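K.L.:
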Amino acid sequence: TFHIEDIERVEMTIESIEQGLGPRYAAMPVKKRAQLFAAVYDLLLDMDQKENVVKFIKLAA
């Protein structure tokens, strides 16, 4: 079963990527999207880091 914290982190991961990349995320190949999702999910282990993660995604894009 899923825990609320897991769902919140998944939601935060999706929001962070969408904030950072916008429509470019949907245009990425599925494998790249999956890799990016996994990396951002790991970075958001500390859920207080969302703002920094979004900045990082924007800079990397």
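Numbers 74 to 134, taken from the working numbering, label the letters of the sequence shown in order.
We put the CB at the ideal spot given by N, CA and C, even for glycine.
Since this is a predicted model, take the numbers as computed values, not measurements.
How long is the line joining the alpha carbons of D121 and S89, rounded to whole angstroms?
P.N.:
So the alpha carbons of these two residues sit roughly 12 Å apart.
K.L.:
With burial defined as no fewer than 16 other Cβ atoms inside 10 Å of the residue's Cβ, what is the status of I130: buried or exposed?
P.N.:
Counting Cβ neighbours within 10 Å, I130 comes out buried, since at least 16 surround it.
K.L.:
Output the distance between the C-alpha atoms of F75 and D119, rounded to the nearest integer angstrom.
P.N.:
Taking the straight line from one Cα to the other gives about 18 Å.
K.L.:
Please list the terminal residues of the continuous alpha helix (DSSP H) segment that includes L94.
P.N.:
It spans I77 to L94 - the alpha helix (DSSP H) in which L94 sits, taken as one unbroken run.
K.L.:
Rounded to a whole number of angstroms, what is the C-alpha to C-alpha distance between A99 and R106?
P.N.:
When rounded, the distance between both Cα atoms is 8 Å.
K.L.:
Below 6 Å CB to CB, which residues in the same chain sit around K123 once its five sequence neighbours on both sides are set aside?
P.N.:
Excluding residues within five positions, the ones whose Cβ falls inside 6 Å are M85 and S89.
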